[in-house]
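The sequence shown lines up with residues 107 to 848 when you count with our numbering.
From the three backbone atoms N, C-alpha and C, an ideal C-beta is built for every residue, glycine too.
On a predicted model such as this, the values are computed, not experimentally measured, just so you know.
One structure is given below, encoded as structure tokens.
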Amino acid sequence: METVQSPKLGFVDRIKEAAGVIVTGRRVNPLAEEPQEGDSGELVKQWQDRILAAREFWQPTFKKIKEEQAFAAGKQWPDGSQEWFTEKYVGDRIQQMLNRLAASRYAKNPKTSATVRERMAFEVWDESEESLAGARAILQAAAPILEQAAQAAALGLAPSAPPPPEIEMAQAIVRDYEQGMAEKALYAKVARTAALLVQQQWDTQTPEFIVSMKSLVTRVDTSRVGYIKVSYRRDEKPREPMQNAKIVDLQARLQNLKSQLEKIKDGEIEADSAEADETALLLKRVTEELAVEDKPEFEDEGPIDDFLTATSVIIDPATRSLKEFIGAAWICQEMVMDIADAEAAYGISLFDVGAVLYDESGPQASGAQSPRDKAAIDCKKVCVWHVEDKKTGMCFVLIDGVKHFIKPPYVNLPKVKRFWSIVPLTYHVTEVETNDPVNDVTCYGKSTVRRVMPMQVNINSKGEEFRQTLIANRPGWIHDKSKIMDNDLLALNAPRSAHSSIGITGMNGGKVSDFISARPVQPIDPMLYDTSIDDQAMLLAGGVQSSNMGNQNPGETATGQAIAEGSRISVDESNTADLDYCLGIVAQMHWEMSLQEMSTELVKKKVGRGAVFPDIAKDKFANDIFIEIEAGSSGKPNAALEIAKAEKIGPLLVGLLQSTGRSIEPIIKLYARLLDSNIDLDEILKAPQMQMGQPQAGAMPGQGQAPLTPGQPANNTIPPGQPRQAQLPPQQRAQAAASARG
107 METVQSPKLG
117 FVDRIKEAAG
127 VIVTGRRVNP
137 LAEEPQEGDS
147 GELVKQWQDR
157 ILAAREFWQP
167 TFKKIKEEQA
177 FAAGKQWPDG
187 SQEWFTEKYV
197 GDRIQQMLNR
207 LAASRYAKNP
217 KTSATVRERM
227 AFEVWDESEE
237 SLAGARAILQ
247 AAAPILEQAA
257 QAAALGLAPS
267 APPPPEIEMA
277 QAIVRDYEQG
287 MAEKALYAKV
297 ARTAALLVQQ
307 QWDTQTPEFI
317 VSMKSLVTRV
327 DTSRVGYIKV
337 SYRRDEKPRE
347 PMQNAKIVDL
357 QARLQNLKSQ
367 LEKIKDGEIE
377 ADSAEADETA
387 LLLKRVTEEL
397 AVEDKPEFED
407 EGPIDDFLTA
417 TSVIIDPATR
427 SLKEFIGAAW
437 ICQEMVMDIA
447 DAEAAYGISL
457 FDVGAVLYDE
467 SGPQASGAQS
477 PRDKAAIDCK
487 KVCVWHVEDK
497 KTGMCFVLID
507 GVKHFIKPPY
517 VNLPKVKRFW
527 SIVPLTYHVT
537 EVETNDPVND
547 VTCYGKSTVR
557 RVMPMQVNIN
567 SKGEEFRQTL
577 IANRPGWIHD
587 KSKIMDNDLL
597 ALNAPRSAHS
607 SIGITGMNGG
617 KVSDFISARP
627 VQPIDPMLYD
637 TSIDDQAMLL
647 AGGVQSSNMG
657 NQNPGETATG
667 QAIAEGSRIS
677 VDESNTADLD
687 YCLGIVAQMH
697 WEMSLQEMST
707 ELVKKKVGRG
717 AVFPDIAKDK
727 FANDIFIEIE
737 AGSSGKPNAA
747 LEIAKAEKIG
757 PLLVGLLQST
767 GRSIEPIIKL
777 YARLLDSNID
787 LDEILKAPQM
797 QMGQPQAGAM
807 PGQGQAPLTP
817 GQPANNTIPP
827 GQPRQAQLPP
837 QQRAQAAASA
847 RG
């Protein structure tokens, strides 16, 4: 087995390494030692065998996925010729189909919204307006009695008599109402903070979230499944270099420590003496200083999404459905990493630990050797497995061939309600009781590319055959070899100008037609190469119609197209719902992680100083606030159809809202979203309203009307839902007032 050199250590790491050598007297790579009894060596071997067996089990499926990826990328002939003069016919419809499917399912980044779990916030109040109004009326009538009781309590006097039961009940109702409404307002503010925080995390990801999501959506159609892994990252601040004076001081202390330890070893210092205690304190002090020096400071933090390929996740062969990994006891993320990157990522040395070396094609054959210089070794790779075991609720890290845990079993933190950190996305949900990869009957449903491959092969074959038929039927000549000399053939085949004459020596006064004539050709039957049947089958298998591909069949009618389009939209809406469900899970994991790890100051920095972020009882807010994807916010498949629906029901809804005195703001936002308008409706709707009766800027107040101060309501402001009263002339108003008094 080829050995691996450790990477060069930094200064602080070298000091730590030196301190370890001073204390132990030797330098040991723990991963190179044979596992002792009770060191989980058997468990590591069991898991490695299990993962390798599962990888071998899924190899037929992974092979088909890679075939589908290559086919979608353009390799649609077995030989894969790429030279232009040998490249075979490819009438590729797949790329256009994938582009249109991706555009219909994910047109833009979705908008997050937060929903508060329905709660019974009131213990005493029965949530009826009549009881609340009655309680307030009782308290208003009993205001003098309550004021006297409050004054007596302030003076320390006992109340003359307890308040009547109805007053106590009224107080309890109003108090319960105020507490419940305050709790609702708190939840609403926290929910808005949560939605904005998750949206900000998506908007600031690198690469941009929309780029990664469009790739994921296309990956599902080409590779059957795509994965999003949610983890929590902290960006460490750049560390300032250690000052020279501090380095000299630390080196002096280490030298003193080494001398003291040697004296203890030689017996010059007794183990229970004061000098031995001083040495122990010195060792503790140096260790603490190194720990403080090595303690990282974080510049930014938060959840982050990694988009994994279809074959980078090995799942339990017992999995019945990819949706939520139903039936799986464990899953494993496989990463083939450079040796140097693996050592840096996990803080280990892979020197002489038995790790299996990998290259682009997979594990190297047994006995494969390479040059032992560091440059050659660094380009080699090892296979890292991140395992999530649902049975034990633990996670751990292994490297193929290493007999120890690279990262011992641990609980995935920050902990979320969902155990798996990887969220699958697939449109082709298939549930099976037993997976059969050889016959392609598995929980990996067939991709769109796999379903349309037979039709695309037929189209390519017919196109290539038609091309060859055209080549065979090109104009040609037939000549009599006994009468045409070689030099005459050269003259006939040589390039010539437009009106040049060709001299033939073998004619001897005969006719040209006696020596050479046009080669007969066969008429081409276009029906032999017609692809309309394959085109139609391909569209049906891909879930689109010809008009979506920019072509309308001559026999299609507008009614038939509308019916087909409605059916296609229903399927696309189902797929979009699957996408929104997947993103909703990811968004909820973002919220739960942020709630546990982020500080209020950081949240306000990201969202705004008005953000409300709980410092206590975080589990309660994690369980009662759900982050969802606003329906249709990523783009509807057919905006024209949705607008037509809205135009029919919109006026009815507006009339209903206006008749009940409610705001028509939701209807305006609906139309703006359907039209994909860039108008910021929130800013418009939040602008201060001009109070009715308030004079315009620069205008004089009307006669008998005092100027309004800022924030003062106008006298004739009409409450929402109340009809406007007609204004009478001054004389008639005076007569009406007099008659009312009389």
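Burial state of residue i, where buried means 16 or more other Cβ atoms lie within 10 Å
| i | result |
| --- | --- |
| Ala159 | exposed |
| Gly373 | exposed |
| Asp631 | exposed |
| Asp411 | buried |
| Glu698 | buried |
| Ser329 | buried |
| Pro626 | exposed |
| Asn362 | exposed |
| Arg211 | buried |
| Asn566 | buried |
| Ile755 | exposed |
| Asn599 | exposed |
| Ala578 | exposed |
| His696 | buried |
| Glu753 | exposed |
| Ala247 | exposed |
| His605 | exposed |
Three-state class that DSSP yields for residue i in the structure shown
| i | result |
| --- | --- |
| Arg625 | coil |
| Met806 | Only weak support exists for where Met806 lies, its pLDDT of 41 falling under 50; the value from the coordinates is given anyway. DSSP places Met806 in coil when its eight states are reduced to three. |
| Glu703 | helix |
| Met441 | strand |
| Ile432 | strand |
| Ile273 | helix |
| Phe228 | coil |
| Glu736 | coil |
| Thr766 | coil |
| Leu781 | coil |
| Asp636 | coil |
| Phe753 | In the sequence as displayed, the identity of residue 753 is Glu instead of Phe. Residue state, collapsed to three classes: helix. |
| Val713 | helix |
| Ile731 | strand |
| Pro813 | With a pLDDT of 42 at Pro813, under the threshold of 50, the modelled position of this residue cannot be trusted; read the value that follows with caution. Looking at Pro813 - three-state DSSP - the assignment turns out to be coil, as it is neither helix nor strand. |
| Pro166 | helix |
| Pro141 | coil |
| Pro313 | coil |
| Pro250 | helix |
| Ala178 | helix |
| Ser619 | helix |
| Val304 | helix |
| Asn614 | coil |
For residue j and residue i, believed in contact at Cβ under 8 Å, the rounded distance
| i | j | result |
| --- | --- | --- |
| His492 | Gln439 | 4 Å |
| Leu414 | Ile316 | At roughly 18 Å, the Cβ-Cβ gap does not stay under 8 Å, so Leu414 and Ile316 are not in contact. |
| Asn564 | Asp640 | 5 Å |
| Thr218 | Ala294 | With a Cβ gap of about 15 Å, Thr218 and Ala294 do not count as contacting. |
| Leu428 | Tyr550 | 7 Å |
| Ser584 | Ala597 | The amino acid at residue 584 is misidentified as Ser; the sequence shows Ile. Not a contact, Cβ separation roughly 17 Å. |
| Ala241 | Val280 | 5 Å |
| Val558 | Met644 | 5 Å |
| Val718 | Gln306 | No, Val718 and Gln306 are not in contact; Cβ-Cβ is about 15 Å, not under 8 Å. |
Residue i beta carbon near the ligand ATP (any heavy atom closer than 8 Å)
| i | result |
| --- | --- |
| Leu519 | Summarising the ligand content, the structure contains no ligands, and the ligand ATP is consequently not present. |
Residues sharing a beta bridge with residue i, DSSP
| i | result |
| --- | --- |
| Tyr452 | For Tyr452, which the question treats as bridged, DSSP gives no partner whatsoever. |
| Pro216 | Paired residues: none, contrary to the question. |
| Cys501 | Glu494, Tyr516 |
| Lys487 | Asp444, Tyr464 |
| Ala332 | Checking the sequence shown, residue 332 turns out to be Gly, not Ala. DSSP output for Gly332 lists Leu531 as bridge partner(s). |
| Gly408 | Arg339 |
| Val419 | Gln439 |
| Phe413 | Ile334 |
| Val222 | Ile731 |
| Ser427 | Ile432 |
| Pro469 | Tyr464 |
Cβ of residue i within 9 Å of any chain D Cβ
| i | result |
| --- | --- |
| Arg330 | In the structure shown, chain D does not exist; there is a single protein chain. |
Entirely enclosed beta strand (DSSP E) segments - the segment 523-608, minimum 3 residues: Within the segment 523-608, the complete beta strand (DSSP E) runs of at least 3 residues fall at 528-531, 583-585.
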